[in-house]
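First the structure, in the form of structure tokens, and then the observations on it.
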Amino acid sequence: MKQQRDHRLQGLYAITDEHLIPEAVFASRVEAALAGGARIIQYRDKSTNRQKRLQQAQQLRRLCSDYHALCIINDDIELAGAVDADGVHLGRDDHSPEHARERLGEKAIIGISCYDRLELALAAENNGADYVAFGAMFSSTTKPEACLAGTAIIRQARQQLQLPVCAIGGITAENIREPLREGADMVAVIGGVFAGNNVKNKALVLSRHFQPPI
Numbered sequence: 001m002k003q004q005r006d007h008r009l010q011g012l013y014a015i016t017d018e019h020l021i022p023e024a025v026f027a028s029r030v031e032a033a034l035a036g037g038a039r040i041i042q043y044r045d046k047s048t049n050r051q052k053r054l055q056q057a058q059q060l061r062r063l064c065s066d067y068h069a070l071c072i073i074n075d076d077i078e079l080a081g082a083v084d085a086d087g088v089h090l091g092r093d094d095h096s097p098e099h100a101r102e103r104l105g106e107k108a109i110i111g112i113s114c115y116d117r118l119e120l121a122l123a124a125e126n127n128g129a130d131y132v133a134f135g136a137m138f139s140s141t142t143k144p145e146a147c148l149a150g151t152a153i154i155r156q157a158r159q160q161l162q163l164p165v166c167a168i169g170g171i172t173a174e175n176i177r178e179p180l181r182e183g184a185d186m187v188a189v190i191g192g193v194f195a196g197n198n199v200k201n202k203a204l205v206l207s208r209h210f211q212p213p214i
């Protein structure tokens with residue numbers, strides 16, 4: 001189990017979405033987010049096209065390396081290992097942190113979705129996770145069915161956990177200050193970065209809220 005807090009786990013955390021990013025411009029949109037200040041990029045693609053997913057994950061890994069940002073793969077431990085990603089993010093129905101650690105090694109970053117449940121975060125910390133994510137903070141067009149956790153859970157988590165805490169769900173330039181005031185280390189954004197054009201500018205607006213400047 002890793003005990004030391006990873007201080008790279010802070011800042012704007014952008015998550016890709018196959019429905020928002022046309023395949024032809026995948027690399028350029030990811031690079032735009034990185035140029036705009038995203039410090040972590042999660043590759044999230046629920047399609048069954050394994051070849052496309054491998055190629056895009058490889059592209060994302062190279063771009064993250066170029067920008068000294070972290071590359072995280074959503075759900076897929078095998079894909080994370082295949083592209084030498086920095087880590088993997090796991091949800092409710094995915095493998096355990098222990099299994100991911102066994103497959104990816106001690107240096108891998110393992111994040112866990114905890115929704116609106118602090119007890120899941122406490123268990124994740126005990127089981128060797130490197131960070132936890134709570135959400136949705138606000139109603140979201142990307143995941144309209146997601147439970148609303150609210151921002152108060154961020155404050156509760158910071159009081160009880162040693163791990164970095166990520167806020168996700170419906171976060172925009174207008175409301176990003178709320179989870180940050182409660183102590184969020186990272187703010188994860190999907191549509192607020194990747195929906196439509198001007199990805200770099202959207203990322204810049206969000207990343208400027210983190211201090212010290214990154």
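Each step along the sequence shown adds one to the number in the numbering used here, with nothing skipped, and position 83 is 83. Beta carbons are placed, not taken as given, at the ideal position from N, Cα and C, and that holds for glycine. Please read all numbers here as calculations on a predicted model, not as lab measurements.
Contact set for residue i: own chain, Cβ-Cβ below 6 Å, skip 5 residues either direction
i, result
"A195", "L20"
"L120", "C114"
"A108", "G87"
"D45", "E18, R53"
"R101", "G128"
"S139", "G170"
Own chain, CB closer than 7 Å to residue i, minus 5 neighbours either side, in chain order
i, result
"G81", "R103, L104"
"R29", "I21, F194, V199"
"T141", "G191"
Cα-Cα separation, residue i to residue j
i, j, result
"R177", "I153", "15 Å"
"R155", "V165", "10 Å"
"A24", "Y43", "16 Å"
"D94", "F210", "31 Å"
"D116", "R208", "27 Å"
Integer Cβ distance of residue i from residue j, believed to fall under 8 Å
i, j, result
"P179", "G128", "Contact doesn't hold; Cβ gap of about 25 Å is too wide."
"L90", "D75", "7 Å"
"A203", "A14", "7 Å"
"M137", "I110", "Not quite, the Cβ-Cβ distance comes to about 22 Å (not below 8 Å), so this is no contact."
"G11", "I41", "Rounded, the Cβ-Cβ distance is 11 Å, inconsistent with contact."
Cβ neighbours of residue i in the same chain (closer than 8 Å, five flanking residues each side left out)
i, result
"A32", "V199, K200, A203"
Limits of the unbroken beta strand (DSSP E) element including residue i
i, result
"Q58", "Not the beta strand (DSSP E): Q58 falls in the alpha helix (DSSP H), residues 50-66."
"N74", "70-74"
"S113", "109-115"
Segment limits, alpha helix (DSSP H) that includes residue i
i, result
"F194", "191-194"
"F134", "Taken as a continuous stretch (DSSP letters only), F134 belongs to no alpha helix (DSSP H), being part of the beta strand (DSSP E) at 131-134."
contact_flag[the segment 72-92, the segment 53-64] where n(CB pairs < 8 Å) is 3 or more: In short, these stretches touch, since the Cβ pair count reaches three.
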